[in-house]
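A.B. asks:
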Amino acid sequence: GDGRDVTAVAQQLNDVRGRVNSQGHLLERLNTNVNHIGNMMHSQNQVLHSHGQNLNQLAGQLNNIQQVSDTADYNTPVPFARLLPRPPYLTGDPKHDSK
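For the sequence shown, UniProt numbering gives the first residue as 1, with consecutive numbering after it.
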């Protein structure tokens with residue numbers, strides 16, 4: 001009769017509610033994981049960005065050293081040593097030559 005049908009419908013609704021709830025929990029967990037992955041990617045991106053900045057600075061320094069070494073004489077063993085003051089005994093200072 002009608003009583004049994006109502007009970008069956010109520011049971012089906014209960015089953016559906018249970019399935020919807022468990023799917024909701026799965027979606028919440030998925031959302032949490034996606035957020036976690038997003039946060040990790042964001043921090044990795046920041047790390048990569050700082051690596052990139054460091055590499056750019058190093059490339060700039062290398063470029064400067066290369067330019068100096070292109071204009072330096074070949075007796076200068078270290079490219080950027082040309083930028084340092086030369087010791088007096090290499091400058092032809094007469095005080096040192098008279099020894």
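Note that CB positions come from ideal geometry on N, CA and C, so glycine has one too. The structure presented is a predicted model; accordingly, all values stated were derived computationally and were not measured.
1) Output the distance between the C-alpha atoms of ASN31 and MET41, rounded to the nearest integer angstrom.
2) Rounded to a whole number of angstroms, what is the C-alpha to C-alpha distance between ASP2 and LEU13?
3) Using the Cα positions of GLN57 and ASN35, report the straight-line distance between them to the nearest angstrom.
C.D. replies: From the atom records:
1) On the sequence shown, position 31 is the one that residue 31 refers to. On the sequence shown, position 41 is the one that residue 41 refers to. If you take the alpha carbons of ASN31 and MET41, they lie about 15 Å apart.
2) What you label residue 2 is simply residue 2 of the sequence shown in a count that begins at 1. What you label residue 13 is simply residue 13 of the sequence shown in a count that begins at 1. Distance between the alpha carbons of ASP2 and LEU13 is about 16 Å.
3) As a first step, residue 57 must be located in the sequence shown, where it is residue number 57. As a first step, residue 35 must be located in the sequence shown, where it is residue number 35. Answer to the nearest angstrom: the Cα atoms are 33 Å apart.
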